[in-house]
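In terms of my numbering, the sequence shown is residues 8 to 169. This report refers to the structure that appears directly beneath it.
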Amino acid sequence: PFQDGAQAFSGIAQAFSGIAQAFSGIAQAFSGRGPAGFPLTNRWAAWYRFASSFYHPNPPTPIPFMARKVVSRKAKAAEAEAAEKLESAKPAKKKATKRKSKKAAADVRMKLYWGVFSQNLKRVAVFEFDQKDDADKRAQELSKGGKSPHFVQKVKEQIAID
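Written as structure tokens, this is what we have:
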């Protein structure tokens, strides 16, 4: 019954938009309420979103692309050659680099100790490195009787060089 394909397509499109508008109108009639005024279930809300997605009162218009500026490759090559000639015409001078003298490394000696620490990370006692057993005993003594736990940890300290 249609004379050409374009007319057929426009007729189908009009029919489909009419159906989408009808569904959208039905869903809007509920306005968030189902039969007898009860709130819509998730199934009804999903159907409303699905049906209303087909009809858009103000469809977004496509943004046209801006035309690019035409760049001539010959002109670009000529500019590059002119820049090379300018650079080669000027003699390149090397800047004298300043040599930084290295600072003499300060003689710093570190010594390792065993430290007894409280739960708040406060150092309670310090023992020589070979006295770890004494440090462990001290930590156990301080932790007895339901007091806060103490622990032993290595400590590095700087010593003076004579």
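Just so it is clear, CB atoms sit at the ideal spot from N, CA and C, and this is done for glycine as well.
- prompt: Buried or exposed: which applies to MET115, given that a residue is buried once 16 or more other Cβ atoms fall within 10 Å of its Cβ?
  reply: On the sequence shown, position 108 is the one that residue 115 refers to. Looking at the sequence itself, residue 115 is Val, so the reference to Met does not match. With fewer than 16 other Cβ atoms inside 10 Å of its own Cβ, VAL115 counts as exposed.
query: Around the C-beta of ALA85, are 16 or more other C-beta atoms found within 10 angstroms, so that it is buried, or is it exposed?
result: The sequence position of residue 85 within the sequence shown is 78, counting from 1. Under this definition ALA85 is an exposed residue.
- prompt: Under the rule that 16 or more other beta-carbon atoms within 10 Å means buried, what is ALA142, buried or exposed?
  reply: On the sequence shown, position 135 is the one that residue 142 refers to. Burial call: buried.
query: Would VAL162 pass as a contact of VAL131 if the rule is Cβ separation under 8 Å?
result: The count along the sequence shown starts at 1 and reaches residue 162 at position 155. The count along the sequence shown starts at 1 and reaches residue 131 at position 124. In this structure, VAL162 sits away from VAL131, with a CB-CB distance that is not shorter than 8 Å.
message: In whole angstroms, give me the CA-to-CA distance for ARG145 and LYS151.
response: Position 138 of the sequence shown, counted from the start, is the residue given in the question as residue 145. Position 144 of the sequence shown, counted from the start, is the residue given in the question as residue 151. Using only the alpha carbons, I get a separation of about 10 Å.
task: Take TRP121 and list the residues in its own chain whose beta-carbon comes closer than 6 Å to its own, dropping the five residues that flank it on each side.
output: By 1-based counting over the sequence shown, the position of residue 121 is 114. Once the five neighbours on either side are set aside, the close Cβ partners of TRP121 are PHE134, LYS139, ALA142 and VAL159.
Exposure of VAL123, with buried meaning 16 or more beta-carbon neighbours within 10 Å: Taking the sequence shown and counting its residues from 1, one reaches residue 123 at position 116. Classification of VAL123: buried, given that the 10 Å Cβ count is 16 or more.
- prompt: In angstroms, rounded to a whole number, what distance separates the CA positions of MET117 and ILE168?
  reply: Position 110 of the sequence shown, counted from the first residue, corresponds to residue 117. Position 161 of the sequence shown, counted from the first residue, corresponds to residue 168. Their backbone Cα atoms lie some 10 Å apart in a straight line.
- prompt: How would you call ALA82, buried or exposed, if buried means at least 16 neighbouring beta carbons within 10 angstroms?
  reply: By one-based count along the sequence shown, residue 82 stands at place 75. ALA82 is classed as exposed because its beta carbon has fewer than 16 other beta carbons within 10 Å across all chains shown.
task: Report the residue from HIS157, LYS101 and ARG106 whose alpha carbon sits nearest the alpha carbon of ASN127.
output: Residue 127 sits at position 120 when you count from the first residue of the sequence shown. Ranking HIS157, LYS101 and ARG106 by Cα distance to ASN127 puts HIS157 first.
message: At the level of alpha carbons, what is the spacing between LYS109 and GLU91?
response: Along the sequence shown, read from residue 1 onward, the residue named residue 109 stands at position 102. Along the sequence shown, read from residue 1 onward, the residue named residue 91 stands at position 84. Cα atoms of LYS109 and GLU91: separation of roughly 40 Å, rounded to the nearest angstrom.
Rounded C-alpha distance that separates ALA87 from LYS102: For this step, residue 87 is matched to residue 80 along the sequence shown. For this step, residue 102 is matched to residue 95 along the sequence shown. Taking the straight line joining both Cα atoms gives about 26 Å.
query: Secondary structure at ALA84, three-state DSSP: helix, strand or coil?
result: For this step, residue 84 is matched to residue 77 along the sequence shown. Residue state, collapsed to three classes: helix.
- prompt: Within 10 angstroms of its Cβ, does ALA58 collect 16 or more other Cβ (buried), or is it exposed?
  reply: Along the sequence shown, one-based indexing puts residue 58 at 51. By the neighbour-count rule (16 or more Cβ atoms within 10 Å), ALA58 is buried.
query: Under the three-state reduction of DSSP, which class applies to ARG75: helix, strand or coil?
result: Translated into the one-based positions of the sequence shown, residue 75 becomes position 68. Coil.
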